[in-house]
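A.B. asks: Its first residue numbered 605, the sequence shown is counted upward by one per residue in my numbering. From the three backbone atoms N, C-alpha and C, an ideal C-beta is built for every residue, glycine too. Here the structure is a predicted model, which is why all the values come from computation and not from measurement. Quick one: the structure is below, questions incoming.
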Amino acid sequence: MGLFSSILLLPAAPVRGVIWLSELIQEQVEQQMHDPVRLRRELEDIDRAAAAGELSAEEAAQAQQEILNRMTGPR
605 MGLFSSILLL
615 PAAPVRGVIW
625 LSELIQEQVE
635 QQMHDPVRLR
645 RELEDIDRAA
655 AAGELSAEEA
665 AQAQQEILNR
675 MTGPR
């Protein structure tokens, strides 16, 4: 029965491969979005940009809030 079902499902193999690849990419993106080291680096970059005058206080606060939301939000 395994061989028969494999033959029938063979045409769907490319679709299953694309689905598997998209799930793998999604997992990697989620890991990077919630990586504590990366988030801390982004917060430090915002602080540097605000200190250099590249960002207003409002823009810096908004960017920091977005990062904090990623830290505390669901995965």
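#1: Just to confirm the assignment, what range does the alpha helix (DSSP H) spanning Glu718 have?
#2: With distances taken between CB atoms, is the gap from Arg642 to Gln636 smaller than 8 Å?
#3: Could you tell me which of His638, Ile623, Pro640, Ala667 sits nearest to Arg652, measuring between CA atoms?
#4: Around the C-beta of Leu625, are 16 or more other C-beta atoms found within 10 angstroms, so that it is buried, or is it exposed?
C.D. replies: Judging by the given coordinates:
#1: The question about residue 718 has no answer here: the residues shown for the chain are numbered 605 through 679.
#2: Reading the sequence shown from its first residue, position 38 is the one you call residue 642. Reading the sequence shown from its first residue, position 32 is the one you call residue 636. Against a cut-off of 8 Å, the Cβ pair of Gln636 and Arg642 comes out as a contact.
#3: What you label residue 652 is simply residue 48 of the sequence shown in a count that begins at 1. If we check each option's Cα against that of Arg652, Ala667 comes out closest.
#4: The residue labelled residue 625 in the question sits at position 21 within the sequence shown. Leu625 is exposed by the Cβ-count criterion.
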